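Okay, so here's the structure we're looking at.
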């Protein structure tokens, strides 16, 4: 049951493959539905894109519920290479799906695939009343990306002593603009997007234990791994044109992170989601998971399997020779 808040962590490990191809739902654009939605509500689709790239993986993340592509091409690259080497990705795209049954017995769902047939997620948090608007959505159309080395440098230059009050330094812009509770310096998509954050969002180290993020006294983002990316989105910003269902009323605070190591973890990425239900009633029989479009070379001969005892999903070629028969 999804009452108010759940936290989910996912790890993704992929091996390099020799070729890649993909197949979207070409020809199904959903433009009429999306135009209608703009008349009924007011949040625009997410445009922000960023790469998690601290280790041997280069993973593209988008600003709403989808990831591992750039809206055109596959972008979960292992191993991470640079031109003139050709990028190889064994996953074409992925997205978050969540659904359940409300108190009236109605199915509520938020999900999406390639955005060609619509969207179910939009940037930004929800208010305590479970609403949002275009100004909030636009301001939060951003990823906040920070490296462990930058945090370490900030801490050396701005050590907390309970007395000092440090000045803004553009070198540490993302630390100063980190969207955490009470941060007066928090900024969104542009420098003029002043964020008023009156409840917990991005995690931080609270050195003076007053519950408010204050980089001016030496506080800093609380991250896992050697690089972390934080963003937030919701399913109430507009009409659900992907699933056609009613909105759930959820806010999803997402964190992607990776470790730079000398072992297998160097080929992995990690994802943590905090899901907050702002609906007036709980959601029962909830399913929460990833939709993934893997492409091990030719897109039409991939098989999938799972080991439920260790929560492991696998993808493999369904025949000895990859490609069309």
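Numbering (this note's numbering), first residue to last: 64 to 388.
We treat Cβ as the ideally placed atom computed from N, Cα and C, and that holds for glycine.
Here the structure is a predicted model, which means the values were calculated and not measured.
Neighbourhood of residue i by C-beta distance below 6 Å, restricted to the same chain and skipping five residues each side
i           : result
residue 290 : 117, 210, 321
residue 166 : 344
residue 161 : 173, 351
residue 95  : Confidence is the limiting factor: at residue 95 the pLDDT is only 41, short of 50, which leaves the residue's position unreliable, though a coordinate-based value still follows. Closer than 6 Å at Cβ, skipping near neighbours: no residue.
Coarse secondary structure for residue i, derived from DSSP in three states
i           : result
residue 238 : helix
residue 201 : helix
residue 219 : helix
residue 159 : strand
residue 278 : helix
residue 214 : helix
residue 365 : strand
residue 337 : strand
residue 305 : coil
residue 92  : Reliability fails at residue 92, whose pLDDT of 42 lies under 50, so the model's placement of it is uncertain and no value is given.
residue 328 : helix
residue 297 : strand
Rounded straight-line distance, which links the Cα of residue j to that of residue i
i           : j           : result
residue 207 : residue 294 : 6 Å
residue 267 : residue 232 : 18 Å
residue 358 : residue 149 : 16 Å
residue 82  : residue 127 : In this prediction, residue 82 has a pLDDT of 36, which is less than 50 and means its spatial position is unreliable; what the coordinates show is noted afterwards. Cα-Cα distance, rounded: 28 Å.
residue 313 : residue 326 : 37 Å
residue 352 : residue 296 : 16 Å
residue 249 : residue 260 : 8 Å
residue 330 : residue 120 : 6 Å
residue 283 : residue 235 : 10 Å
residue 230 : residue 151 : 44 Å
residue 170 : residue 374 : 25 Å
residue 383 : residue 159 : 32 Å
residue 332 : residue 319 : 7 Å
residue 378 : residue 368 : 6 Å
residue 131 : residue 168 : 34 Å
residue 287 : residue 334 : 10 Å
residue 129 : residue 212 : 28 Å
residue 216 : residue 137 : 34 Å
Beta-carbon gap between residue i and residue j smaller than 8 Å
i           : j           : result
residue 193 : residue 341 : yes
residue 370 : residue 157 : no
residue 172 : residue 308 : yes
residue 376 : residue 366 : no
residue 164 : residue 285 : no
residue 115 : residue 122 : yes
residue 299 : residue 176 : no
residue 238 : residue 278 : yes
residue 105 : residue 182 : no
Cβ of residue i within 8 Å of any chain D Cβ
i           : result
residue 302 : Going by chain labels, chain D is absent from the structure shown, which holds only one protein chain.
Neighbourhood of residue i by C-beta distance below 7 Å, restricted to the same chain and skipping five residues each side
i           : result
residue 251 : 202, 203, 205, 258
residue 275 : 244, 245
residue 133 : 112, 123
Contacting residues, own chain, Cβ-Cβ under 8 Å from residue i (five flanking each side not counted)
i           : result
residue 191 : 262, 341
task: Inspect the CB distances between the stretch 197–206 and the stretch 181–189 and report whether three or more fall short of 8 Å.
output: yes
query: Counting pairs of beta carbons, one from the stretch 212–221 and one from the stretch 135–144, are three or more of them closer than 8 Å?
result: no
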